[in-house]
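J.: In my numbering, the protein residues as written are 3 to 195.
Backbone N, C-alpha and C fix where the C-beta goes; we use that ideal spot for every residue, glycine too.
The following block contains the structure, expressed as structure tokens.
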Ligand SMILES: [Ca+2]
Ligand SMILES: [Ca+2]
Ligand SMILES: [Ca+2]
Ligand SMILES: [Ca+2]
């Protein structure tokens, strides 16, 4: 299958370019890791697939990496200073955020609705609803790019909070707190009835 081959190549590029380690460093939830991978692949393909055939040739990879080097060498010194490397990495991160936003914003109206966020987390709709509420700081009913960035920055804490706040009212009661403590060993909780 063509797409599988493209995936394998893209993943190889991902580890070469440091995207892979970035994803590892973030850790987090399975659904988010999947989304991260999807986003990275989309970003990589968008960036490197210059003839748009959905695959990455080694020439395209080499050309794109050379172009990235040249663009990052902002004083044209022929080498990357620490500051230039930092700028390159923060550009990558903001490209990644934009790509992630584009994937989430499936109707491309410039805001990520709760439904769009739910589509990425089909297994945990209550927690997703709570996370959405936290992220939508201006209560506009949609997440802007900046709001998504804040969600990313606080992802682990917010998901932890949301998973404890069972009724999604924005506060973890003692009962909710106690109910989520015994993650293992109790056997009383879990998804099944
Ligand atoms: Ca330079
Ligand atoms: Ca949208
Ligand atoms: Ca908003
Ligand atoms: Ca609550």
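Please report how far the alpha carbon of residue 92 lies from the alpha carbon of residue 79, in whole angstroms.
T.: What you label residue 92 is simply residue 90 of the chain shown in a count that begins at 1. What you label residue 79 is simply residue 77 of the chain shown in a count that begins at 1. Roughly 20 Å between the two C-alpha positions.
J.: Taking Cβ positions, are residue 119 and residue 151 nearer each other than 8 Å?
T.: As a first step, residue 119 must be located in the chain shown, where it is residue number 117. As a first step, residue 151 must be located in the chain shown, where it is residue number 149. No.
J.: Please name the residue, chosen from 166, 170, 174, that lies closest to residue 182 on a Cα-to-Cα basis.
T.: For the purposes of this step, residue 182 is taken as the residue at position 180 of the chain shown. The residue with the shortest Cα to Cα distance from residue 182 is 166.
J.: Confirm the yes/no value for this check: CB of residue 173, any heavy atom of ligand 2, distance under 7 Å.
T.: Your numbering for residue 173 matches position 171 in the chain shown. No, the Cβ of residue 173 stays beyond 7 Å of every heavy atom of ligand 2.
J.: Is DSSP giving residue 20 helix, strand or coil here?
T.: As a position in the chain shown, residue 20 is number 18, starting the count at 1. Only weak support is given to the placement of residue 20: the predicted model assigns it a pLDDT of 44, under 50, and the value that follows is read from those uncertain coordinates. Three-state result, residue 20: coil.
J.: Cβ of residue 168 versus every heavy atom of ligand 4: is any distance shorter than 7 Å?
T.: Mapped onto the chain shown, residue 168 falls at position 166. Yes.
J.: Do residue 145 and residue 137 have their CB atoms nearer than 8 Å?
T.: Taking the chain shown and counting its residues from 1, the one referred to as residue 145 is at position 143. Taking the chain shown and counting its residues from 1, the one referred to as residue 137 is at position 135. Yes; because the gap between Cβ atoms is below 8 Å, this pair is in contact.
J.: Heavy atom of ligand 3 less than 7 Å from the Cβ of residue 144, yes or no?
T.: Locating residue 144 in the chain shown gives position 142, counting from the first residue. Checking the Cβ of residue 144 against ligand 3 gives yes.
J.: Is the closest heavy atom of ligand 1 to the C-beta of residue 56 under 7 Å?
T.: For the purposes of this step, residue 56 is taken as the residue at position 54 of the chain shown. Result no, Cβ not under 7 Å from ligand 1.
J.: By DSSP, does residue 74 sit in helix, in strand, or in coil?
T.: For the purposes of this step, residue 74 is taken as residue 72 along the chain shown, with counting starting at 1. In the structure shown, residue 74 sits in a helix (DSSP, three-state: H, G or I).
J.: Return the CA-CA distance between residue 154 and residue 114, expressed in angstroms with no decimal places.
T.: Within the chain shown, numbered from 1, the residue matching residue 154 stands at position 152. Within the chain shown, numbered from 1, the residue matching residue 114 stands at position 112. Going by the C-alpha atoms only, they are around 14 Å apart.
J.: As a quick exercise: from 59, 56, 90, pick the residue whose alpha carbon is nearest that of residue 71.
T.: Sequence index remark: in the chain shown, residue 71 carries index 69 (1-based). Out of 59, 56, 90, 90 has the C-alpha closest to the C-alpha of residue 71.
J.: Are the Cβ atoms of residue 52 and residue 62 separated by less than 8 Å?
T.: If you number the chain shown from 1, residue 52 lands on position 50. If you number the chain shown from 1, residue 62 lands on position 60. Cβ distance < 8 Å, so residue 52 and residue 62 count as in contact.
J.: Check whether the Cβ of residue 138 sits closer than 7 Å to any heavy atom of ligand 3, and report yes or no.
T.: As a position in the chain shown, residue 138 is number 136, starting the count at 1. Yes.
J.: Of the choices 101, 73, 102, whose alpha-carbon is the least far from that of residue 88?
T.: The residue given as residue 88 occupies position 86 in the chain shown. Comparing Cα-Cα distances from residue 88 to each of 101, 73, 102, the minimum goes to 73.
J.: For residue 2 and residue 112, I'd like the C-alpha separation in whole angstroms.
T.: The requested residue 2 is not part of the displayed model; the chain covers only 3 to 195.
J.: Considering only DSSP beta bridges, list what residue 145 is partnered with.
T.: For the purposes of this step, residue 145 is taken as residue 143 along the chain shown, with counting starting at 1. Answer by DSSP bridge pairing, in chain order: 114.
J.: Can you give me the C-alpha to C-alpha distance between residue 56 and residue 47, rounded to a whole angstrom?
T.: As a first step, residue 56 must be located in the chain shown, where it is residue number 54. As a first step, residue 47 must be located in the chain shown, where it is residue number 45. Going by the C-alpha atoms only, they are around 7 Å apart.
J.: Looking at the structure shown, is residue 174 part of a helix, part of a strand, or coil, going by DSSP?
T.: In the chain shown, residue 174 corresponds to position 172, counting from 1. Coil.
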